[in-house]
Amino acid sequence: MQLSFEKSVAGRRTYVLPAPDVPKYELPAEMRRTLELPLPEMGEPDINRHYSALERRSFGVNDGPYPLGSCTMKYNPIINDQLASLPGFTQIHPLQEIDTVQGCLQALVEAEKFLAAVTGMDRMTFQPAAGAHGEFTALLMVKAYHEDRGDSERTQIIVPDSAHGTNPASAAMAGFETVNIPSNEAGGVDLDGLKKVLGPKTAGLMLTNPNTLGIFDPNIEEITALVHEAGGLNYYDGANLNAVMGVARPGDMGFDLVHLNLHKTFSTPHGGGGPGSGPVGCKAFLAEFLPHDMPIARKGEDGEYVYDLEVPEKTIGRVRSFYGNFLVTLKAYAYALRLGKAGIRAAALTAVLNANYMAEGLRDYYDISVPGPYMHEFVLTIEPLRQEYGITAMDIAKAIQEKGIHPPTMYFPLNVKEALMVEPTETESRETLDMMIEALREIRSRVDSDPESLRQAPRTTVIGRPDETTAARNPILRYTEPEAE
Ligand SMILES: Cc1ncc(COP(=O)(O)O)c(C=O)c1O
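Under the numbering used here, the residues of the sequence shown are numbered 4 to 488, in order.
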């Protein structure tokens, strides 16, 4: 497909700029562009066709099911985008006087209250822009907490082998040493393994619960108590909160800090380069370390609330400008208001039901990594098929694309060989779940009858099997005009 630059014809125009609503101002000569701006020049029909063609080459949740494990690619209601697009929210500037943005601060304070209630935390900051950024922020708070107590020998963060790769990466970035612990047979934390590594160097534990195998750890209270006894803090990676919101709260499980991925659970799509939001919640005893500024509500003399910003006493500083991705927070708030307490719980229960429904539909056809029951997701292992027929997780993932389904997450978590991690989410209907089950069963039948068709898949997409290693190691991200080559 040609790029828009290649389709450009000099002199073609398609713009209708609104009339200016501010006085005209001549830019000083030294600030004006001296070179032509090399933008593509196209007519309106050609631009529309260009973008429609690009859209057809892509795949999104509007095209079909997207069971990408641990990514919660659910359908996000459009109304929440519409609410977050209201001019009162979008036509403001973060440096405006505080008394002119009272409604926005109120929305932040109320969103904080909602998410604190869902997680069992006392305070919450919306500054972090993604899950990993939230992890990093929380770990800086863990560090500040120990240092504040003169406990500077606590340099280790414990991470189970089923953790998302961002956990050890965030720990390293925050200046900690990562200590890995194994999972037990059932996919949970191995208690003996944990006990072995706990000690005076333990700064904290990072845990996802339910974890990336879709398992809710039945020993969770014992795990968090052991870490507390050793003097460490418990950090909850809330990326999988979709499975437990409204049902179980990290704060009640013994966690001191949590990050959430609003761009999974709370009405913002995950992926596509953002914007996202990874708010961090904490228990009251850690609130003095939160980043600034924290929006707060004060009751005025007339009994009305006045909204303001506050700098926590021992703050770790800013981790991002202003209030994070404000419009993403608004979408989460709108989602909460529309669903209410019962709706939030129903969403989690349906996500769990859908994952178990699919797992049962596939149990006789594929091996599942651990017995279950599962929460939001389950992990198939294609290793037996690889050994017997040479068919890999990659082959199955490629074949499912021919059926209009996005592939599950592949080769993750790392403690499962030839992993395919399936997360159907609560927004898929029973018919869609049945369709996915049927597709995977049919693919399984071809493993013995027609394995070559799987090795050649996908045969219906624009690109079949790109050289992903070269694409990752030698990305060509800059367009070079052909004649300049
Ligand atoms: C379990 C888990 N933790 C952390 C993250 C990191 O979140 P982000 O991609 O927003 O940085 C993810 C991302 O998918 C995840 O699945």
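C-beta atoms are modelled at their ideal positions from N, C-alpha and C, and glycine is treated no differently.
From residue i to residue j, what does the alpha carbon distance come to, in whole angstroms?
i      : j      : result
Met176 : Met209 : 14 Å
Arg59  : Thr17  : 23 Å
Thr227 : Gly241 : 15 Å
Asp398 : Tyr69  : 17 Å
Ser88  : Glu150 : 42 Å
Glu291 : Glu224 : 26 Å
Gly274 : Gly63  : 10 Å
Val162 : Asp193 : 12 Å
Pro416 : Pro23  : 54 Å
Arg458 : Ala354 : 32 Å
Cys493 : Leu216 : The structure shown has nothing for residue 493, since the chain only spans 4 to 488.
Glu386 : Met76  : 26 Å
Ser186 : Arg468 : 33 Å
Ala172 : His136 : 11 Å
Ile101 : Asn83  : 25 Å
Gly190 : Phe179 : 25 Å
Thr483 : Pro461 : 30 Å
Val121 : Gly249 : 6 Å
Val200 : Arg321 : 33 Å
Tyr326 : Asp296 : 7 Å
Asn212 : Met45  : 51 Å
Leu312 : Phe381 : 43 Å
In the DSSP assignment, what are the bridge partners of residue i?
i      : result
Val182 : Ile161
Thr384 : Asp370 and Ala422
Leu71  : Val425
Ala32  : Paired residue(s): none; Ala32 is not in a bridge.
Leu208 : Ile161 and Asn237
Val2   : It is not possible to answer for residue 2, since the shown part of the chain is limited to 4 through 488.
Arg126 : Cys285
For residue i, is the classification buried or exposed, using 16 other Cβ atoms within 10 angstroms of its Cβ as the cut-off for buried?
i      : result
Asn183 : exposed
Gln390 : exposed
Asn245 : buried
Asp259 : buried
Leu318 : In the sequence as presented, Leu is not what sits at residue 318; that position holds Thr. Burial call: buried.
Ala119 : buried
Met4   : exposed
Glu455 : exposed
Val465 : exposed
Asn477 : exposed
Ala339 : buried
Pro131 : buried
Glu429 : buried
Gln94  : exposed
Gly407 : exposed
Leu2   : With the chain running from 4 to 488 in the structure shown, residue 2 is simply not present.
Arg252 : buried
Glu427 : One detail in the question is off: residue 427 reads as Pro in this sequence, not Glu. So Pro427 ends up on the buried side.
For residue i, which of helix, strand or coil comes out of DSSP?
i      : result
Phe8   : helix
Asn357 : helix
Leu89  : coil
Tyr392 : helix
Leu118 : helix
Tyr482 : coil
Ile95  : coil
His262 : strand
Ala13  : coil
Gly106 : helix
Thr318 : coil
Val309 : strand
Ile299 : strand
Leu142 : helix
Arg323 : coil
Tyr148 : helix
Pro40  : It should be pointed out that residue 40 corresponds to Leu in this sequence rather than to Pro. In the structure shown, Leu40 sits in coil (DSSP, three-state: anything other than H, G, I, E or B).
Thr271 : coil
Pro171 : helix
Thr332 : helix
Ala177 : coil
Leu365 : helix
Arg60  : coil
Glu100 : coil
Ala133 : coil
Glu291 : helix
Less than 7 Å separating the Cβ of residue i from some heavy atom of ligand 3?
i      : result
Ala133 : As presented, the structure is devoid of ligand 3, carrying ligand 1 as its sole ligands.
Just checking: is the beta-carbon of residue i within a distance shorter than 8 Å of some beta-carbon in chain C?
i      : result
Lys334 : Given the protein chain composition of this structure (a single chain), no chain C is represented.
Length at least 4, wholly inside the segment 408-472: the alpha helix (DSSP H) runs in chain order: 433-452 and 454-459
Minimum length 3: unbroken beta strand (DSSP E) runs contained in the segment 224-255: 236-241
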